[in-house]
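Peer 1: In the numbering used here, the protein residues as written are 392 to 779.
All residues carry an ideal CB built from backbone N, CA and C; glycine is no exception.
Quick caveat: nothing in here was measured; it's all calculated off a predicted structure.
#1: Judging by CA-CA distance, which residue of 688, 667 and 488 is the nearest neighbour of residue 541?
#2: So, with DSSP's three-state summary, where would you put residue 645?
#3: Contact defined as beta carbons within less than 8 Å: I believe residue 753 pairs with residue 665. What is the distance between those atoms, to the nearest angstrom?
#4: What's the call for residue 763, buried or exposed, on a 16-neighbour Cβ count within 10 Å?
#5: So, do the stretch 510–518 and the stretch 599–612 have three or more beta carbon pairs nearer to each other than 8 Å?
#6: Taking Cβ to Cβ, would you say residue 580 is nearer than 8 Å to residue 537?
#7: Using the C-alpha atoms, what's the distance from residue 569 back to residue 728?
#8: Output yes or no for whether 8 Å exceeds the beta carbon distance between residue 560 and residue 582.
#9: In three-state DSSP terms, what is residue 409?
#10: Among 449, 517, 475 and 643, which one has its Cα closest to the Cα of residue 497?
#11: With 16 as the cutoff for other CB atoms within 10 Å, does residue 778 come out buried or exposed?
#12: Among residues of its own chain, excluding the 5 on either side of residue 717, which ones have a beta-carbon nearer than 7 Å to its beta-carbon?
#13: Nearest to residue 599 by alpha carbon, out of 575, 685, 637 and 576?
#14: List the DSSP bridge partners of residue 461.
#15: Enumerate in chain order the residues of its own chain whose CB-to-CB distance from residue 643 is below 7 Å, with the five nearest sequence positions on each side excluded.
#16: Rounded to the nearest angstrom, how far is the Cβ of residue 410 from that of residue 711, given a contact under 8 Å?
#17: Is the stretch 483–493 in contact with the stretch 501–508, if contact means three or more CB pairs nearer than 8 Å?
#18: Which runs of the alpha helix (DSSP H) spanning at least 4 residues fall entirely within the stretch 645–724, listed in chain order?
#19: I'd like the list of long-range same chain contacts for residue 458, defined as Cβ closer than 7 Å, with 5 residues on each side in sequence excluded.
#20: Leaving out five residues on either side along the sequence, give the residues of the same chain with a beta carbon under 6 Å from the beta carbon of residue 634.
#21: Is it true that the stretch 695–708 meets the stretch 733–742, where meeting means three or more beta-carbon pairs spaced less than 8 Å apart?
#22: Specify, as a first and last residue, the run of the beta strand (DSSP E) that residue 532 falls within.
#23: Select from 545, 479 and 772 the residue whose C-alpha is nearest the C-alpha of residue 685.
#24: From residue 682 to residue 543, what does the alpha carbon distance come to, in whole angstroms?
#25: Kindly give me the distance between the Cβ atoms of residue 591 and residue 416, rounded to whole angstroms, as I take these residues to be in contact under 8 Å.
#26: Any idea if residue 672 is buried or exposed, counting beta-carbon neighbours within 10 angstroms, 16 or more meaning buried?
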């Protein structure tokens, strides 16, 4: 049992009742001391904007993701928007899953492109090659697959190869997929570039922040300019591209780098939790499981038809279990902001699966007592609602 598990179990005992939060951000005492020391170094230096700490984070992330370049940004959404602006998509169609966070789609729109929504592949909650081929138009220039919950689709290699053959670029939304792999390739190595998020709920966090990883020298150079008002160089007030401010600062980078150094440790414990969940649930419910290494940002269970997601969520909360946020409960093409535009497609798989999926809590340091409390109560609640 890890020290963090021991602390969680002690807290359970002291409280007299087991409480399981949806997520727990991990900053142990040693982490906090180390981070505060490095932040103090930044404050003493007077260089608070993007400087040595940002460069150190970028170097670490490029090495970790197995790519030549990493460009730190203010958010995962900013990382996506920068890459899509670099793709020059004005007036062009970009294929994007409807099952994603809205930032994936708004990045396309803000870069001047037209999102064309793809239905879900239920095996990964991502997209399939067949759906991409079906939705391609003569105006299509690229695809933005999303590694939902940290799962890289088993078809990603085939999707990558097909896009290359057809002259389409591929940009990965890897916001959930820190450290995820398929066939020996890390997320970020399948397309021209990938966008990561370090938001507070992610497997690792910098509070706010994002990262682009790429092997493309031209994209890296252009992204560095676009994140900083389109400057020719960071030291010049000469602007060669129309852009805005998407930079990360050194204080944010200190937090992100410290977390990133513990990423494999965090993933190993999440894998342990996921294994216990799989054993408990696999014979009773449909599970969305990765074909290879996952970050386990989410563990995804599909409730039986007729079981109301909100009723499950409410009853579990009464029992001390708070479900993690869904990925995603309402598909983008059904969001009010897009419905009011009209002409939204019917995407039956997403419309079926999104309202039925559940994400039990999964986080570093989760105790065996907490895991058992979640599994027994999830089964009890679902089965109770199933028979009413």
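Peer 2: Walking through what the data contain:
#1: Here the question's residue 541 lines up with position 150 in the chain shown. Per the Cα distances, 688.
#2: Counting from one through the chain shown, the residue named residue 645 turns up at place 254. Three-state result, residue 645: helix.
#3: For this step, residue 753 is matched to residue 362 along the chain shown. For this step, residue 665 is matched to residue 274 along the chain shown. Between residue 665 and residue 753 the Cβ distance is about 7 Å, and since that is below 8 Å, they are a contact.
#4: The residue labelled residue 763 in the question sits at position 372 within the chain shown. By the neighbour-count rule (16 or more Cβ atoms within 10 Å), residue 763 is not buried but exposed.
#5: no
#6: For the purposes of this step, residue 580 is taken as the residue at position 189 of the chain shown. For the purposes of this step, residue 537 is taken as the residue at position 146 of the chain shown. The answer is no: Cβ separation not under 8 Å.
#7: Walking along the chain shown from the start, residue 728 turns up at place 337. Walking along the chain shown from the start, residue 569 turns up at place 178. Spanning the two alpha carbons is a distance of roughly 30 Å.
#8: Taking the chain shown and counting its residues from 1, the one referred to as residue 560 is at position 169. Taking the chain shown and counting its residues from 1, the one referred to as residue 582 is at position 191. Yes, the pair counts as a contact, with Cβ atoms nearer than the cut-off.
#9: For the purposes of this step, residue 409 is identified with residue 18 of the chain shown, where counting begins at 1. Residue 409 falls in the coil class under three-state DSSP.
#10: Locating residue 497 in the chain shown gives position 106, where the first residue counts as 1. The shortest Cα separation from residue 497 among 449, 517, 475 and 643 belongs to 475.
#11: Locating residue 778 in the chain shown gives position 387, counting from the first residue. Looking at its Cβ environment, which holds fewer than 16 other Cβ atoms inside 10 Å, residue 778 is exposed.
#12: Along the chain shown, one-based indexing puts residue 717 at 326. Closer than 7 Å at the Cβ level, and outside the excluded window around residue 717, lie 748 and 750.
#13: Numbered from 1 along the chain shown, position 208 holds the residue referred to as residue 599. Looking at the Cα atoms, 637 is the closest of the given residues.
#14: In the chain shown, residue 461 corresponds to position 70, counting from 1. Paired residues: 604.
#15: Looking up residue 643 in the chain shown gives position 252. The answer, listed in chain order, is 597, 598, 599 and 600.
#16: On the chain shown, residue 410 is found 19 positions in, with the first residue counted as 1. On the chain shown, residue 711 is found 320 positions in, with the first residue counted as 1. The pair is a contact, with the Cβ atoms about 5 Å apart (cut-off 8 Å).
#17: yes
#18: 654–672 and 700–709
#19: Here residue 458 refers to the residue found at position 67 of the chain shown. Here the set comprises 579, 580, 604, 605 and 606.
#20: Numbered from its first residue, the chain shown carries residue 634 at position 243. Correct list, in chain order: 617, 620 and 621.
#21: no
#22: By 1-based counting over the chain shown, the position of residue 532 is 141. Where residue 532 is concerned, the enclosing beta strand (DSSP E) stretches over 531–534.
#23: For the purposes of this step, residue 685 is identified with residue 294 of the chain shown, where counting begins at 1. With distances taken between Cα atoms, residue 685 lies closest to 545.
#24: To locate residue 682, count along the chain shown from 1; it is residue 291. To locate residue 543, count along the chain shown from 1; it is residue 152. Between residue 682 and residue 543, the C-alpha separation is close to 8 Å.
#25: As a first step, residue 591 is located in the chain shown; it is residue number 200 there, counting from the start. As a first step, residue 416 is located in the chain shown; it is residue number 25 there, counting from the start. That belief holds up - the Cβ atoms of residue 591 and residue 416 are roughly 6 Å apart, short of 8 Å.
#26: Looking up residue 672 in the chain shown gives position 281. Result: buried.
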